[in-house]
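Those letters in the sequence shown? Residues 78 to 455, per this note's numbering, in order. Ideal placement from N, C-alpha and C gives every residue a C-beta, glycine not left out.
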Amino acid sequence: MRELGFMTEQDFIPNPVPIAIGSYREYSNKIISGSFTWSSPSNIALVKYWGKKENQIPENPSISFTLDACKTTTTLSFSKKENNDEFSFALFLDEKKQDDFKPKIETFFKRIENYLPFLKDYHFKIETSNTFPHSSGIASSASGMSALALCLMSIERSMNEVEIKDEFFNQKASFLARLGSGSACRSIEGDIIVWGSHKEIDGSSDLFGVKYPFEVHNKFKNFQDTILLVDKSEKQVNSTVGHNLMHNHPFAQERFRQANSNLSKLIDIFNTGDLKSFIEIVESEALSLHAMMMTSVPYFILMKPNTLEILNKIWGFRQQTTANICFTLDAGANVHVLYPENEAEEVLNFIQNELVAHCQNGHYICDRIGFGAKLINN
Ligand code: PMV
Numbered sequence: 078m079r080e081l082g083f084m085t086e087q088d089f090i091p092n093p094v095p096i097a098i099g100s101y102r103e104y105s106n107k108i109i110s111g112s113f114t115w116s117s118p119s120n121i122a123l124v125k126y127w128g129k130k131e132n133q134i135p136e137n138p139s140i141s142f143t144l145d146a147c148k149t150t151t152t153l154s155f156s157k158k159e160n161n162d163e164f165s166f167a168l169f170l171d172e173k174k175q176d177d178f179k180p181k182i183e184t185f186f187k188r189i190e191n192y193l194p195f196l197k198d199y200h201f202k203i204e205t206s207n208t209f210p211h212s213s214g215i216a217s218s219a220s221g222m223s224a225l226a227l228c229l230m231s232i233e234r235s236m237n238e239v240e241i242k243d244e245f246f247n248q249k250a251s252f253l254a255r256l257g258s259g260s261a262c263r264s265i266e267g268d269i270i271v272w273g274s275h276k277e278i279d280g281s282s283d284l285f286g287v288k289y290p291f292e293v294h295n296k297f298k299n300f301q302d303t304i305l306l307v308d309k310s311e312k313q314v315n316s317t318v319g320h321n322l323m324h325n326h327p328f329a330q331e332r333f334r335q336a337n338s339n340l341s342k343l344i345d346i347f348n349t350g351d352l353k354s355f356i357e358i359v360e361s362e363a364l365s366l367h368a369m370m371m372t373s374v375p376y377f378i379l380m381k382p383n384t385l386e387i388l389n390k391i392w393g394f395r396q397q398t399t400a401n402i403c404f405t406l407d408a409g410a411n412v413h414v415l416y417p418e419n420e421a422e423e424v425l426n427f428i429q430n431e432l433v434a435h436c437q438n439g440h441y442i443c444d445r446i447g448f449g450a451k452l453i454n455n
C-alpha cells in the first residue's frame with residue numbers, strides 16, 4: 078500500500094500487476110464499458126496563483142475557498158475500442174456537440190496519459206453542463222477539469238483489484254486536474270484548499286491541492302461569495318498567456334515572495350478570526366494580481382470601468398458601516414464579493430441597491446463556501 082508522505086510525480090504512475098512470469102499489466106481488472114458522473118465546484122483564490130513553471134508547477138503557493146453553487150456536472154461514458162494508437166472522445170456541452178473544446182481535452186489527455194495508461198484503450202463520451210451560464214466570464218476550467226479528472230479516477234478505481242483509498246483517490250484526482258488547468262486542483266475537496274508548497278504548511282505540495290490543515294475561526298464558516306458579472310464576454314488575454322508573461326516579469330520574484338508571506342499571515346488570521354486583516358490580504362492579493370497584468374510586457378488590463386465602480390463603492394460602504402465586506406478578482410472583470418454569513422442581509426441589500434447596476438444585464442450569482450466534488454452515480 079502507498080504511504081502518503083512526500084509524494085512525487087512517480088507515485089501517480091500505476092504499479093504494474095504481475096500476470097505471468099516476466100509479464101505485467103497496469104490494471105488487474107480491465108472492464109469493457111461503463112460510465113461515471115461527478116459534479117465538481119469552482120473555487121475562488123484568496124492568495125493567487127499567477128506564474129508557473131513547466132508541467133503546471135506553480136511559482137508560488139495559493140489558497141482558495143471551494144465554492145458551492147457554481148459547479149460542473151460531467152458524465153464520462155467509456156467503451157473498449159479495437160486499437161489503442163490514439164485518443165478517441167466526443168464532447169457534449171448541454172447536450173450539444175462541442176468540437177471547439179476538443180484540443181484542450183486532447184492536450185489534457187496527452188499530459189495525463191503516463192498516469193492513466195488506459196486512456197487509449199477506450200472511446201469516451203464526455204457530457205458536461207455547468208450551473209452557471211457558459212458565457213458568464215466565470216471560468217469553467219476549474220470545475221470542468223476537476224469533474225473530468227474525478228470521472229477518470231473512478232474508472233481507474235474500478236479497474237484496480239487493490240482498493241484505492243479515498244485520500245490517494247483525491248490526491249491523484251487533484252494531481253490530474255492540475256495538469257488540465259492549474260487552479261482546478263483546488264476544486265476536488267473543500268472548504269479551504271492550499272496548492273503549492275509552503276514552508277509553514279506541512280503536506281502542502283506543488284503537485285496537488287490539500288485541505289487547509291489548521292484551525293479556522295467560526296467567522297469564516299459558510300462565508301458568502303456573491304459574484305457580480307460585470308463582463309460576460311471572452312477574456313482578451315487567457316490565463317495561459319498571462320501565466321507565461323510572469324517569466325522575465327520585472328516584479329516576478331517580489332510577487333512570489335509576497336504571495337508566500339500573505340499565505341503565512343492568513344494562517345494567523347484564520348485562527349483568530351481577524352476579519353479586518355483578512356480583508357487587507359484578500360483585496361491586496363486581487364489588486365497585486367491585476368498589477369502583474371498591467372506591468373507585464375506586453376501589458377494588459379482585464380478590469381472594466383464597472384469593476385472599479387464596484388471596488389470604490391465597496392470601500393465607501395465599509396467606511397460608512399461596520400460591514401466586513403471585501404472583494405476579490407480572478408483573471409477577468411467580474412467581482413467576487415466576500416462576506417460573513419451573519420452579515421448577509423445587510424450586504425445583500427447593499428449589493429442589490431448599489432452594485433447590481435454595474436453588472437451586465439444586472440446579473441449576479443449568490444454562492445458560498447462549499448465542501449468539494451460529489452460522485453453522482455456509477
Ligand atoms: O488555473 P488557471 O491557469 O486558469 O489560472 C487561474 C489564475 C487565477 O484565477 C487568476 C488565480 C487563481 O489562483 O485561481
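With a 10 Å radius around its C-beta and 16 neighbouring C-beta atoms as the bar for buried, classify residue i as buried or exposed.
i: Phe89; result: buried
i: Pro138; result: buried
i: Ala408; result: buried
i: Met78; result: Any reading at Met78 must be qualified, since the residue scores a pLDDT of 45, below 50, and its modelled position is unreliable; the value itself is stated next. Classification for Met78: exposed.
i: His211; result: exposed
i: Asp279; result: exposed
i: Ala368; result: exposed
i: Val424; result: buried
i: Gln330; result: exposed
i: Gly393; result: exposed
i: Gln133; result: buried
i: His324; result: exposed
i: Pro375; result: exposed
i: Ser338; result: exposed
i: Asn120; result: buried
i: Thr349; result: exposed
i: Tyr441; result: buried
What residues are listed by DSSP as bridge partners for residue i?
i: Asp302; result: Leu415, Asp444
i: Glu266; result: Gly449
i: Phe113; result: Leu153
i: Ile121; result: Phe142
i: Val287; result: Val271
i: Lys130; result: Ile134
Identify whether residue i lies in helix, strand or coil by the three-state DSSP scheme.
i: Lys181; result: helix
i: Tyr382; result: One detail in the question is off: residue 382 reads as Pro in this sequence, not Tyr. Three-state result, Pro382: helix.
i: Met78; result: Residue placement at Met78 is poorly supported in this model, since its pLDDT is 45, which falls under 50; the coordinates still yield a value, given next. DSSP places Met78 in coil when its eight states are reduced to three.
i: Asn137; result: coil
i: Phe169; result: strand
i: Val359; result: helix
i: Lys107; result: coil
i: Thr405; result: strand
i: Asn454; result: strand
i: Lys158; result: coil
i: Lys148; result: strand
i: Asp351; result: coil
i: Asp308; result: coil
i: Glu163; result: coil
i: His320; result: helix
i: Ser373; result: coil
i: Ser26; result: Only positions 78 to 455 of the chain appear in this structure, which leaves residue 26 out of reach.
i: Val424; result: helix
i: Cys436; result: coil
i: Phe89; result: helix
i: His367; result: helix
i: Asn315; result: coil
i: Asn430; result: helix
i: Glu292; result: coil
i: Phe394; result: helix
i: Phe328; result: coil
Starting from the Cα of residue i, find the closest Cα among the options and give me that residue.
i: Ile182; options: Gly449, Ala226, Phe297; result: Ala226
i: Ser316; options: Lys173, Pro91, Glu420, Ala216; result: Ala216
i: Glu233; options: Cys262, His200, Leu193; result: Leu193
i: Pro180; options: Glu172, Asp171, Lys173, Ala167; result: Ala167
i: Pro135; options: Ser361, Asn321, Leu144; result: Asn321
i: Gly111; options: Leu253, Ser231, Asn383, Leu340; result: Ser231
i: Ser310; options: Trp272, Ala410, Ser281; result: Ala410
i: Phe252; options: Lys276, Phe209, Val374, Glu190; result: Glu190
i: His275; options: Lys202, Lys107, Phe333, Phe201; result: Phe333
i: Phe377; options: Thr405, Val414, Val314; result: Val314
i: Ala459; options: Asn454, Glu420, Lys187, Phe155; result: Only positions 78 to 455 of the chain appear in this structure, which leaves residue 459 out of reach.
i: Gln87; options: Leu284, Leu379, Ile269; result: Leu284
i: Gln130; options: Pro91, Pro417, Lys157, Arg255; result: Note that residue 130 is Lys in the sequence shown here, rather than Gln. Cα-wise, what sits closest to Lys130 is Arg255.
i: Lys174; options: Glu238, Gly449, Glu204; result: Glu204
i: Ser281; options: Lys298, Val293, Arg263; result: Arg263
Complete beta strand (DSSP E) runs within the segment 172-232 (minimum length 3 residues, chain order): Listed in chain order, they are 199-207.
Sequence ranges, beta strand (DSSP E) only - wholly within the segment 235-280, length at least 3: Counting only runs of 3 or more, we get 269-272.
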